[in-house]
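K.L.:
Start counting the sequence shown at 13; every next residue gets the next number (our numbering).
Supplied in structure tokens, the structure appears directly below.
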Amino acid sequence: MAPPSTKTFINKKEYNIIMGIFIKKNIIKSISHIAQQSHPKEFIGLLSGKKEKQDIFIEKLIIPSGGISGKGFASYPIYRSPYNTLGTVHSHPSIPLPSKADLNLFSTNGIVHIIIGFPYLLKNIKIYSNDGTEIKEFTIIGEKNERS
Ligand SMILES: [Zn+2]
13 MAPPSTKTFI
23 NKKEYNIIMG
33 IFIKKNIIKS
43 ISHIAQQSHP
53 KEFIGLLSGK
63 KEKQDIFIEK
73 LIIPSGGISG
83 KGFASYPIYR
93 SPYNTLGTVH
103 SHPSIPLPSK
113 ADLNLFSTNG
123 IVHIIIGFPY
133 LLKNIKIYSN
143 DGTEIKEFTI
153 IGEKNERS
């Protein structure tokens with residue numbers, strides 16, 4: 013077995029060195045809530061947070077003005093965010109599988125992407141890397157864990 017890489021995350025080829033995805037519980041709740049409110053339209057948001065070594069912490073959900081819309085999500089221009097943008101989140105009124113357009117978007121707009129499918133519960137959330145690989149394991153962290 014090769015020793016763990018100590019290189020920092022640079023591009024999609026290095027995705028496989030990501031060890032963990034951590035996402036705040038209140039972000040999961042917000043995504044679920046906004047998706048339900050937007051149904052049957054899709055909503056789009058940006059994920060921001062930080063990378064620490066091989067872990068990714070999703071700490072903020074940003075809904076750009078005009079970002080709640082119907083079809084054509086993938087053509088939405090991702091603008092420069094004041095935060096450290098990690099990737100995108102959007103809803104599907106169906107199953108949370110990325111479309112071809114989604115894959116295109118993923119590959120050019122960050123390193124981690126969430127799709128939430130109907131009926132927008134936790135179990136309908138899927139996380140993908142920027143090459144469209146599903147990241148099956150992620151950790152939800154509660155508010156109390158923030159203080160240390
Ligand atoms: Zn989509």
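Backbone N, C-alpha and C define an ideal beta-carbon position, used for all residues, glycine too.
From I128 to H102, what distance separates their C-alpha atoms?
P.N.:
Their backbone Cα atoms lie some 6 Å apart in a straight line.
K.L.:
What separation, rounded to the nearest whole angstrom, lies between the Cα atoms of P52 and S106?
P.N.:
Taking the straight line joining both Cα atoms gives about 9 Å.
K.L.:
Straight-line CA distance for S119 to G99?
P.N.:
Going by the C-alpha atoms only, they are around 10 Å apart.
K.L.:
Exposed or buried, which one is T145 when buried takes at least 16 other CB atoms within 10 Å?
P.N.:
Exposed: under 16 other Cβ atoms inside 10 Å.
K.L.:
For I40 and L134, what's the separation of their Cα atoms in angstroms?
P.N.:
Going by the C-alpha atoms only, they are around 7 Å apart.
K.L.:
Along the chain, where does the alpha helix (DSSP H) that runs through K37 open and close?
P.N.:
Unbroken alpha helix (DSSP H) run through K37: K37 to S50.
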